[in-house]
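Participant: Just so we're aligned, residue 13 is where the sequence shown starts under my numbering, counting upward by one. Where is the CB? At the ideal position from N, CA and C, for every residue including glycine. Keep in mind it's a predicted model, so treat the numbers as computed, not measured. Pasting a structure below so you can have a look.
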Amino acid sequence: MDWLDDRNKQRIVQELVPGKQITLAHIIASPDPVLYEKLGLNPSIDYARAAIGIMTVSPAETAIIMADVGMKAAAIDLGFVDRFSGSLIISGTVSEVEASEQAILDYVKNELSYTVCRITRT
Numbered sequence: 013m014d015w016l017d018d019r020n021k022q023r024i025v026q027e028l029v030p031g032k033q034i035t036l037a038h039i040i041a042s043p044d045p046v047l048y049e050k051l052g053l054n055p056s057i058d059y060a061r062a063a064i065g066i067m068t069v070s071p072a073e074t075a076i077i078m079a080d081v082g083m084k085a086a087a088i089d090l091g092f093v094d095r096f097s098g099s100l101i102i103s104g105t106v107s108e109v110e111a112s113e114q115a116i117l118d119y120v121k122n123e124l125s126y127t128v129c130r131i132t133r134t
């Protein structure tokens, strides 16, 4: 009767549908210092004014362009860019991170015709 147990199991399939889209644009304002440590980010910053920005994109190689646009738009630190997963992590003041993420969203939407999400915050 083992086959009966298998019928009650739920199977979840996750897949990424290729497209031109930014799927996450998030700002963590005043993160706990341990988060900087765990992410390998610059620990010598004013945590009271600090923020971490996280973005994901498809196709993944666009993360390189996003990093360039973001660094030119504001005085942020580039924490991580991955051309294979499409992840981008930046840090700086809340206003710098927000300006950087907004510039990235505007560029990829207007110049590359991507679908973009809104910026969220915690």
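Tell me the DSSP secondary structure of I76 in three-state form.
Facilitator: Against the sequence shown, residue 76 aligns to sequence position 64. It is helical.
Participant: Measure the C-alpha to C-alpha separation of A75 and P43 and round it to an integer number of angstroms.
Facilitator: Within the sequence shown, the letter at position 63 stands for residue 75. Within the sequence shown, the letter at position 31 stands for residue 43. Their Cα atoms are separated by approximately 23 Å.
Participant: Should the region 31 to 39 be called in touch with the region 105 to 114, which here means at least 3 C-beta pairs below 8 Å?
Facilitator: Yes, since at least three Cβ pairs between the region 31 to 39 and the region 105 to 114 fall closer than 8 Å, the two stretches touch.
Participant: Could you give the C-beta distance for Q69 and I34, rounded to a whole number, given that I count them as a contact under 8 Å?
Facilitator: Here residue 69 is taken as the residue at index 57 of the sequence shown, counted from 1. Here residue 34 is taken as the residue at index 22 of the sequence shown, counted from 1. At residue 69 the sequence reads Val, which differs from the Gln that was named. 5 Å between Cβ atoms; contact.
Participant: Do S103 and A72 have their beta-carbon atoms positioned less than 9 Å apart in this structure?
Facilitator: Position 60 of the sequence shown holds residue 72. Position 91 of the sequence shown holds residue 103. No, the Cβ-Cβ distance between A72 and S103 is not below 9 Å.
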